[in-house]
Structure formats: structure tokens, C-alpha cells
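>
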Amino acid sequence: MLLDQVLALMESQALLYNIEVEKKYRFKEETIVGDENQLKQVFINYIKNAIEAMPDGGILLIEGSDSDES
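The sequence shown begins at 215 in the numbering used here and counts up by one.
In C-alpha cells form, the structure reads like this:
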């Protein structure tokens, strides 16, 4: 999954900031329509910004589900 690849890439930066990354997502299908490289860059930017916003460390929660789940 693309998001797992991005999280693996960003893990070392999170560790430098003393940030624990917690994943809580489940999807029935892993299909997102769009350019893979652009989506990867979006996820990298969001995660990088979140890491930089916590200079004293913390927990970064990545959470998501299918939009039709209640």
C-alpha cells in the first residue's frame, strides 16, 4: 500500500523527533484514483509537516477508513 511505503520512508525522520507513528486504518479496497507519485508527495508533505509541528516529540496518528463505513 502506498501509505505504508511513505510511512516506512518517513520513519527515520519521526524517530529523530522522538515521534511514535501509530497506524489505525482499514480499507476494503486500496484503490485511489490519481497519479501515484503525486499522491505519495501529498502524503510525504502531510507527514513531514506533522513531524515538524511536534519538536518535543509525541504520537502521530494516521487514521482512515472507507468513506461508506459508519
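Note that the Cβ used here is the ideal one computed from N, Cα and C, for glycine as well.
On the criterion of 16 or more Cβ atoms from any shown chain inside 10 Å, does Ala267 qualify as buried, or is it exposed?
exposed
> Take Ser279 as the anchor and find which of Ile246, Leu223, Val220 has the nearest alpha-carbon.
Ile246
> Assuming Gln235 and Leu274 make a contact with CB atoms under 8 Å, what is their CB distance in whole Å?
The sequence shown places Val at residue 235, rather than the Gln named in the question. Val235 to Leu274, Cβ: 5 Å. Contact.
> Grouping DSSP H, G and I as helix and E and B as strand, with all else coil, what is Ile246?
coil
> Out of curiosity, what's the CA-to-CA distance linking Ile265 and Leu230?
10 Å
> State the DSSP-derived secondary structure class of Tyr239, mapped to helix, strand or coil.
strand
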